[in-house]
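If you're matching them up, the sequences are chains A and B in order.
The opening residue of the first sequence carries number 1 in the UniProt record's numbering; numbering runs sequentially from there.
The opening residue of the second sequence carries number 1 in the UniProt record's numbering; numbering runs sequentially from there.
Please read the structure below before turning to the comments.
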Amino acid sequence: MPYALRHGLFAFGVWRRAFDVHAMTLLTRIFWLALRDLTLELRGRTGLLAAVFFLFTMLLILGLALGPNQDELRKAAPGVLWVALAFAGSLLAGRAFGLEVEDNTLDDLLLIPGSREWIYYGKLLFQLLLLLAVGLVLLFLTAGLFYLPLATLPGILVTLVLGSVGYASVSTFYAGMLARLRGREALLPLVLFPVVVPVILASVRATTLLMEGLPLGEVAEWWRLLLVFDVIYLTLCGLLFPYVLEG
Amino acid sequence: MSPLLEAQSLSKRYGRDWVIRDLDFRLEAGEVVALLGPNGVGKTTLLRLLAGLIRASGGQIRRQGKVGLLANPPAFHRHFTGEENLSYALRLEGHTPRASTIAAALKAVGLPAGKPVLGYSSGMKKRLAMARLRLLRPEIWLLDEPEAALDAQGRELLEALILEARTSGGVVLATHDRDWVQRLATRTLELSPIT
Numbered sequence: 001m002p003y004a005l006r007h008g009l010f011a012f013g014v015w016r017r018a019f020d021v022h023a024m025t026l027l028t029r030i031f032w033l034a035l036r037d038l039t040l041e042l043r044g045r046t047g048l049l050a051a052v053f054f055l056f057t058m059l060l061i062l063g064l065a066l067g068p069n070q071d072e073l074r075k076a077a078p079g080v081l082w083v084a085l086a087f088a089g090s091l092l093a094g095r096a097f098g099l100e101v102e103d104n105t106l107d108d109l110l111l112i113p114g115s116r117e118w119i120y121y122g123k124l125l126f127q128l129l130l131l132l133a134v135g136l137v138l139l140f141l142t143a144g145l146f147y148l149p150l151a152t153l154p155g156i157l158v159t160l161v162l163g164s165v166g167y168a169s170v171s172t173f174y175a176g177m178l179a180r181l182r183g184r185e186a187l188l189p190l191v192l193f194p195v196v197v198p199v200i201l202a203s204v205r206a207t208t209l210l211m212e213g214l215p216l217g218e219v220a221e222w223w224r225l226l227l228v229f230d231v232i233y234l235t236l237c238g239l240l241f242p243y244v245l246e247g
Numbered sequence: 001m002s003p004l005l006e007a008q009s010l011s012k013r014y015g016r017d018w019v020i021r022d023l024d025f026r027l028e029a030g031e032v033v034a035l036l037g038p039n040g041v042g043k044t045t046l047l048r049l050l051a052g053l054i055r056a057s058g059g060q061i062r063r064q065g066k067v068g069l070l071a072n073p074p075a076f077h078r079h080f081t082g083e084e085n086l087s088y089a090l091r092l093e094g095h096t097p098r099a100s101t102i103a104a105a106l107k108a109v110g111l112p113a114g115k116p117v118l119g120y121s122s123g124m125k126k127r128l129a130m131a132r133l134r135l136l137r138p139e140i141w142l143l144d145e146p147e148a149a150l151d152a153q154g155r156e157l158l159e160a161l162i163l164e165a166r167t168s169g170g171v172v173l174a175t176h177d178r179d180w181v182q183r184l185a186t187r188t189l190e191l192s193p194i195t
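If you want it as structure tokens, here you go:
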């Protein structure tokens, strides 16, 4: 084998290995950060309990206000599902950095060598898992109280995942940006909702079409739109996050 | 040999008040630099600037190596035990800690196993922070009033840790204890209020 080719292959191998090791380290960090935060949240239970209690109350009030006509309730179900998830999500959003602020541990994360994007993605994974767990509870509550047809469950689950990724990517970003500010709990929904409106609207539309039994091709257009939002939000927020985190 | 830390014309102000102005600072390997000065003079601010936790209003900082900070008071997740805090600190840095290593680190600083940090006293948290620094092995050690809240045995452990740190890097410590500085520091930097 010619020397240049051998040398080139060797260099390629070294670079690939270095990239693999770097990527693996980042993925491992993201995983451990999300796992650590989930463990802390489950031990403290503050955010999850507040969100679930809020959901129960909100669904009960809306159910009593809109009921008892089954058709009316079913028609309102997609809107109720996503508005309730958006509000419960705003309660959970603060938890991603609330855990660090309460224990004053954010500096320890910032001292870890290397770029800081992984902190965003770790917090995002934690936030997403919380949101999906609450979303599942909400889905079954809405099915029970608002006659949301569970035959469309696989499609609604796809919408739930796509909508939650978009919502969590923005909420995690803003939660990090406001982490050191006083009054962050009040500020967070104010800055969050205007940006996530497209995600909520697309999710409501996709859920409505699924409930109406329209072909998946038509629903897929809204899923595609949600996917585009997800990719844009994930990329932009990940890139900007290290700058907003600086003191 | 290039210094571990080098700050040139470093400045920091909060609003209109300058805390640090045009400070030049170097930390070489093997040095223990003590920051001295009255309360509110900017010792903690300088340590946080050197650690890269806050942005300077002016000047440059160059770091050659990993930074470890012992804050005053040190911060830990209170719902975790000492072991869990140490284990996650290592995992987030990309290490795979052994339970025996963590147990030995806790034992070395005289802390009990399996106790949540919620039940720790200030001195115990300081000891846990010392165990964390020893496990993370930074090259640049920044210690903010490390002796505060420590008993006599804790101080001995801290002195041993600082001497150990000198062999692998450099130490900057902010303190009010001048006797202690005379014994440990290789150099002092006296900060005075900016008028």
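Just so it is clear, CB atoms sit at the ideal spot from N, CA and C, and this is done for glycine as well.
I'd like to know whether the C-beta atoms of residue i and residue j end up nearer to each other than 9 Å.
{"i": "residue 29/B", "j": "residue 4/B", "result": "yes"}
{"i": "residue 36/B", "j": "residue 195/B", "result": "no"}
{"i": "residue 248/A", "j": "residue 85/A", "result": "The requested residue 248/A is not part of the displayed model; chain A covers only 1 to 247."}
{"i": "residue 103/A", "j": "residue 77/B", "result": "yes"}
{"i": "residue 161/B", "j": "residue 130/B", "result": "yes"}
{"i": "residue 111/A", "j": "residue 67/B", "result": "yes"}
{"i": "residue 83/B", "j": "residue 114/B", "result": "yes"}
{"i": "residue 35/A", "j": "residue 138/A", "result": "no"}
{"i": "residue 248/A", "j": "residue 219/A", "result": "In the structure displayed, chain A extends from 1 to 247; residue 248/A sits before or after that span and is not available."}
{"i": "residue 90/A", "j": "residue 188/A", "result": "yes"}
{"i": "residue 143/A", "j": "residue 88/A", "result": "no"}
Please classify residue i: is it buried, with 16 or more other beta-carbons within 10 angstroms of its beta-carbon, or exposed?
{"i": "residue 22/B", "result": "exposed"}
{"i": "residue 127/B", "result": "buried"}
{"i": "residue 113/A", "result": "exposed"}
{"i": "residue 182/B", "result": "exposed"}
{"i": "residue 85/B", "result": "buried"}
{"i": "residue 70/A", "result": "exposed"}
{"i": "residue 153/B", "result": "exposed"}
{"i": "residue 2/B", "result": "exposed"}
{"i": "residue 228/A", "result": "exposed"}
{"i": "residue 187/B", "result": "exposed"}
{"i": "residue 14/B", "result": "exposed"}
{"i": "residue 145/B", "result": "buried"}
{"i": "residue 197/A", "result": "exposed"}
{"i": "residue 43/B", "result": "buried"}
{"i": "residue 190/B", "result": "exposed"}
{"i": "residue 179/B", "result": "exposed"}
{"i": "residue 151/B", "result": "exposed"}
{"i": "residue 167/A", "result": "buried"}
{"i": "residue 241/A", "result": "buried"}
Since residue i meets chain B, which of its residues come closer than 7 Å, beta carbon to beta carbon?
{"i": "residue 113/A", "result": "66"}
{"i": "residue 29/A", "result": "92 and 94"}
{"i": "residue 25/A", "result": "94"}
{"i": "residue 263/A", "result": "It is not possible to answer for residue 263/A, since the shown part of chain A is limited to 1 through 247."}
Residues of chain B with CB closer than 9 Å to the CB of residue i, please, in chain order.
{"i": "residue 92/A", "result": "Going along chain B, no residue has its Cβ under 9 Å from residue 92/A, so there is no contact; the nearest lies around 18 Å."}
Go ahead and pull the three-state DSSP assignment for residue i.
{"i": "residue 244/A", "result": "helix"}
{"i": "residue 195/B", "result": "coil"}
{"i": "residue 175/B", "result": "coil"}
{"i": "residue 186/B", "result": "coil"}
{"i": "residue 114/A", "result": "coil"}
{"i": "residue 170/B", "result": "strand"}
{"i": "residue 6/B", "result": "strand"}
{"i": "residue 37/A", "result": "helix"}
{"i": "residue 148/A", "result": "coil"}
{"i": "residue 142/B", "result": "strand"}
{"i": "residue 235/B", "result": "The requested residue 235/B is not part of the displayed model; chain B covers only 1 to 195."}
{"i": "residue 129/A", "result": "helix"}
Could you name the residues of chain A that residue i contacts, counting a contact when the two beta carbons are closer than 8 Å?
{"i": "residue 75/B", "result": "103, 104, 105, 107 and 108"}
{"i": "residue 196/B", "result": "The displayed coordinates of chain B run from 1 to 195. Any statement about residue 196/B would go beyond what the structure contains."}
Kindly list, in the order they appear in chain A, the residues whose Cβ is closer than 7 Å to that of residue i.
{"i": "residue 21/B", "result": "Under the 7 Å cutoff, chain A gives no residues; its nearest Cβ is about 19 Å from residue 21/B."}
{"i": "residue 174/B", "result": "The premise fails here: residue 174/B is roughly 15 Å from chain A at the closest Cβ pair, so nothing lies under 7 Å."}
{"i": "residue 78/B", "result": "103"}
List the residues of chain B that residue i touches, going by C-beta distances under 8 Å, in chain order.
{"i": "residue 238/A", "result": "Per Cβ cutoff of 8 Å: no residues; residue 238/A is ~18 Å from chain B at best."}
{"i": "residue 98/A", "result": "Within 8 Å Cβ-Cβ: nothing; residue 98/A doesn't reach chain B, min ~12 Å."}
{"i": "residue 33/A", "result": "92"}
{"i": "residue 40/A", "result": "77, 79 and 80"}
{"i": "residue 44/A", "result": "79"}
Since residue i meets chain A, which of its residues come closer than 9 Å, beta carbon to beta carbon?
{"i": "residue 69/B", "result": "107, 108 and 111"}
{"i": "residue 51/B", "result": "107, 110 and 111"}
Exercise for the section: Please list the segments of the alpha helix (DSSP H) lying wholly inside the segment 61–118 of chain B, counting only runs of 4 or more residues, in order along the chain. Expected result: 82–92 and 99–108
Problem - Minimum length 3: unbroken beta strand (DSSP E) runs contained in the segment 8–62 of chain B - result: 17–27 and 32–36
Exercise for the section: Scan the segment 153–233 of chain A and note each continuous alpha helix (DSSP H) run of 4 residues or more that stays entirely inside, going in chain order. Expected result: 153–178 and 184–211
Exercise for the section: Only counting runs of 4 or more residues, tell me where the alpha helix (DSSP H) segments fall wholly within the segment 60–111 of chain A, in order along the chain. Expected result: 70–93, 95–103 and 106–110
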